[in-house]
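Contents: one structure, followed by commentary.
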Amino acid sequence: MLALLAGGSSRSSSNNKLAESESAAQNSSTMSWGTELWDQNDNLAIHTNRGIDALDKYANFLRDRVAIETEYAGKLRRLVKNYQPKKKEEEDNEFTSMQAFRNLLKEVGDLAGQREVVSESLQLQIIAGVTLLSKTLREERKKCLSDGANLQQNLTTQLSSLDRAKRNYEKAYRDSEKAVDSYKRADMDLNLSRAEVERYKNVMTAKIQQSDDAKNEYANQLQKTNNLQQQHFSMLLPAVLNRLQELDEKRTRGFREFIVGAADVESSVAPIIARCMEGIVKAGESINEKEDTFKVIERYQSGFTPPRDIPFEDLSKCDPDSVQDSHYSNSTSNHLTIKGTMSANKLRKRVGIFNIFGSNKNSLTADGQKEDFSDLPPNQRRKKLQGKIAELTQSIAQETKARDGLMKMKIVYEANSSLGNPMTVEGQLNESEHKLEKLKVDLKKYQDFLEKACQVPAATSSPQASRNQLQNGHRTSRHSNGSADDHHDDGDDQPDDAGSLSSSASPESGLGTSHTSLPGSGQGSANENAIGEDTYYETEVETLNPLGTCRALYPFEASSEGSIPMSEGEELQVIEIDQGDGWTRVRRANNSNGWDEGFVPTSYIECTLYA
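Residues 1 to 611 (this note's numbering) are what the sequence shown spells out, left to right.
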C-alpha cells in the first residue's frame, strides 16, 4: 500500500513538474521583457552580463577538465609503458597470469586513448563553440545596450527641452502678470501722464505676447515629449529589451546544448570503455592456476629422480685409509642450479697437468648456453631443441618465400628487360640460396641433437673422446694398468653431439681408465715396468686435492676407456669438475690402499663442493 502511495505521489509530482514546465513555456511565449520589464533596463543589463560570465565560467571548467583528461591519459600511457614486460621477462609470458596482465595493460592503453578522444572532442567541439558563442553574445549585448543608451539619451534630451520650455513659460507668465498689475496701477494713478500709462500698456502687451509664445512652445515640447515617450516605451525600448531577451535565451539554449554535447562526447566513448572493461574482466577470468602450475612443471622439470637414502657407513668395517675423507659426505647442501649443474660460485678451473684435458669445443649461444643445450636437464634440453627447430623451420619458410620472390622477379626481368636488369637480383638470389642452405644445415644439426636427446641416457662413448687432445696434436691415454701411450693425430678431433650422456663429448683421462693408480697404490701390470716413460710420468704426478664430494644418483657401468663404474648411493671424491662436456672426474679409495680415478656422467651424480 505504501509503495502504491509512493508511486502515485512520484507520478503526481512528475506530472506537476511537466505541467509547470508547459505552463512556463506558454507564459514565456506570451510574455516579453519589453512589456513586462520596461523599467528594468539596468537590471537586465546586469543579468545578461552575469549570464555570459556563467557561460565563460563553464568554458573555463571545460578547459580544466580537458587538462585533467589529457594529464590522466598521459599518466595512464606512462603507467602502461613502465609496466610493460621487460625483455628478460618474456619467458614468463607463457603463464596465464602474465598473459592476463599483458592484456590488462593493453586495455588500459585503450582506455587512455578514449580519454584522449574525450579531451580532443571537448576541446574542438564544445570549448570552441562556447568561446565563439560567448564572444558573439558579448558583442550583441554591447550593441543592444548602446542602442538602449541612445534611446534613453534621446528621451532625456527631450525631457530636458520640455523642462526648459515649461520654465520659460512659467517665467513669461509671471512677467505678464506683473506687467498687467503694473498697467492697472498706472491707469488708476491720476498723477501719471498719458504717455507713461501708454508705456505700461505696451510693456503689458509685450509680456502677454511673450507668455503666449512660451506657452505655445511649452505645448509643442510637451506634445513632442509625450509622443517620444510613448514611442520609447511602447516600441523602441521594448525592441531593445526583446533583443536582450533573445540574446539571453540564446545563451541559455547554448548552455543546454553544450552540456548535452559534452555528455554525448562522454557517451560516445562509453561503449568502447565498456568493451575495455569487458576485456579486463576477460583477461582476469583467463587466469588458470592449474595451467600455470603445469607450465611451471614443464619449465623446470629436470627429468631426474630424487636422491635415495644415504647409506650407513660402518667405520669399524672399513679401511681407515679408504674412509679418511668420508666426513666430506656429511654436507648435504644442494649445489645444483636450475640447469642441474653446479652453482657458478663453486666452480674452479682445472690447473696443473690436468689442464691439457677436455678443451670445450661446443660453442655457446647468446645466452651463455651450449649450442646443443647439453648443459640443461633432459626435459629442458628437449624443449629447447624443439623450440630451436621450430624457429629454424619458420626461418626456412620465410627465406624460401623470399627466394621464390627473387626467382619470379628474375624471370620477369629476363622476359622484359625494360622492367629491370636480371643481374641486379642475381647477387641477392645467391645470398638467399647460401642463407637457406645454412639454415637447412642448422636444422639438420638440431634435428640430430633432438634425436640423440630423446634416446635413453647411457654412456656408451668413451669419456676420453674430447679430452685426449694435447698441444701440437699430441694425445696421451692411460689405461687401468697405469701405462701411457703417445699418439699423433694428423687432424683435429671433432666434438660429438652432447645431446645425451651417450653422445657427450668425452674428456681424456690422463691417469688411466677405470682403475688408474698413483705411485704406491700397489696396482699395475707388466707394462708398467716395461715402459720407462710411464714409470717416470707416474712418479711426477701428485695426488690432486679433492674439490668436494659427490653421491651417485644412478648406477653407472664403465663401458668405455677413461670412465669409472659406480653404484647408486656411492660416495666419491670430486677432483675435477665438469668443463661443459657432461663428464666429471672423481676418485675413490680401493682395497689396495690406492685410488681409483676416472670420469662419470655429471647428470648421474649430485655434487657438494667445498667452500
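The beta carbon of each residue, even a glycine, is placed where N, CA and C say it ideally should be.
Practice problem: Report the partner residues of D39 according to the DSSP bridge assignment. | Solution: Answer is none; D39 lacks a bridge partner.
Quiz prompt | Contacting residues, own chain, Cβ-Cβ under 8 Å from E433 (five flanking each side not counted) | solution = R403.
Practice problem: Look at the alpha carbon of W595 and the alpha carbon of R381, and state the distance between them as a whole number of angstroms. | Solution: Cα to Cα, W595 sits roughly 35 Å from R381.
Quiz item: Around the Cβ of A390, are there at least 16 other Cβ atoms within 10 angstroms (buried) or fewer (exposed)?
Solution: exposed
Quiz item: Candidates L76, S119, E120 and L572: which alpha carbon is nearest A112's?
Solution: L76
Practice problem: Could you tell me the distance, in whole angstroms, from the CA atom of G303 to the CA atom of G405? | Solution: The alpha-carbon separation between G303 and G405 amounts to approximately 45 Å.
Self-check item: Alpha-carbon to alpha-carbon, V600 and R348
Solution: For R348, the predicted structure reports a pLDDT of 37, less than 50, and the residue's modelled location is therefore unreliable. A value from the coordinates is still provided. C-alpha separation (whole angstroms): 18 Å.
Quiz item: Going straight from the alpha carbon of F556 to that of T549, what length do you get?
Solution: 17 Å
Exercise. Return helix, strand or coil for S559, following the three-state DSSP convention.
Key: coil
Practice problem: Please find out if some non-hydrogen atom of the ligand NAD comes closer than 7 Å to the beta-carbon of Q230. | Solution: Only the bare structure without any ligand can be found here, which leaves the ligand NAD out of the picture.
Self-check item: Beta-carbon contacts of E266 that lie in its chain and below 8 Å, excluding the five residues immediately before and after
Solution: V118
Quiz item: Within this structure, are the beta carbons of D175 and S211 separated by less than 8 Å?
Solution: Yes, Cβ-Cβ distance for D175 and S211 is below 8 Å.
Quiz prompt | Classification of L518 by the beta-carbon crowding that lies within 10 angstroms, buried from 16 upward | solution = Annotation note: pLDDT 38 at L518 (below 50); position unreliable, coordinate value reported separately. Classification of L518: buried, given that the 10 Å Cβ count is 16 or more.
Quiz item: Thinking C-beta only, is G148 closer than 8 Å to L237?
Solution: yes
Quiz item: With burial defined as no fewer than 16 other Cβ atoms inside 10 Å of the residue's Cβ, what is the status of I259: buried or exposed?
Solution: exposed
Quiz item: Pick from D375, L547, I575 and R585: whose alpha carbon is nearest that of A558?
Solution: R585
Quiz item: Are the beta-carbon atoms belonging to L609 and R588 less than 8 Å from one another?
Solution: no
Quiz item: Rounded to a whole number of angstroms, what is the C-alpha to C-alpha distance between Q209 and Y169?
Solution: 11 Å
Quiz item: How long is the line joining the alpha carbons of K215 and D163, rounded to whole angstroms?
Solution: 12 Å
Self-check item: Among M566, E91 and D39, nearest to Y300 - alpha-carbon criterion
Solution: E91
Practice problem: To the nearest angstrom, report how far apart P311 and S560 are at their CA atoms. | Solution: 28 Å
Quiz prompt | Assigned exposure category for D314 - 16 Cβ within 10 Å defines buried | solution = exposed
Quiz item: If you follow the beta strand (DSSP E) that R588 is part of, which residue opens it and which one closes it?
Solution: That run of the beta strand (DSSP E) goes W583 to A589.
Practice problem: Answer yes if the stretch 34 to 53 comes into contact with the stretch 79 to 98, meaning at least three C-beta pairs across the two stretches below 8 Å, and no otherwise. | Solution: no
Self-check item: Separation of I272 from S234, as counted between CA atoms
Solution: 57 Å
Quiz prompt | Backbone CA spacing between K452 and R102 [nearest angstrom] | solution = 37 Å
Self-check item: Touch test, the stretch 126 to 143 against the stretch 243 to 250, Cβ-Cβ under 8 Å, three pairs minimum
Solution: yes
Quiz item: Hey, would you say A179 sits closer than 8 Å to Y218, going by beta carbons?
Solution: No, Cβ-Cβ distance for A179 and Y218 is not below 8 Å.
Self-check item: Endpoints, the beta strand (DSSP E) within which V600 is located
Solution: W595 to P601
Quiz item: Where does the unbroken beta strand (DSSP E) through V574 begin, and where does it stop?
Solution: Here the beta strand (DSSP E) through V574 covers E571 to E576.
Quiz prompt | Span of the alpha helix (DSSP H) around C144 | solution = That run of the alpha helix (DSSP H) goes A128 to M188.
Quiz item: So who's on the other strand from L443, going by DSSP bridges?
Solution: Answer is none; L443 lacks a bridge partner.
Quiz item: Buried or exposed: which applies to S567, given that a residue is buried once 16 or more other Cβ atoms fall within 10 Å of its Cβ?
Solution: exposed
Self-check item: Nearest-angstrom Cα separation, counted from K401 out to Q386
Solution: 23 Å
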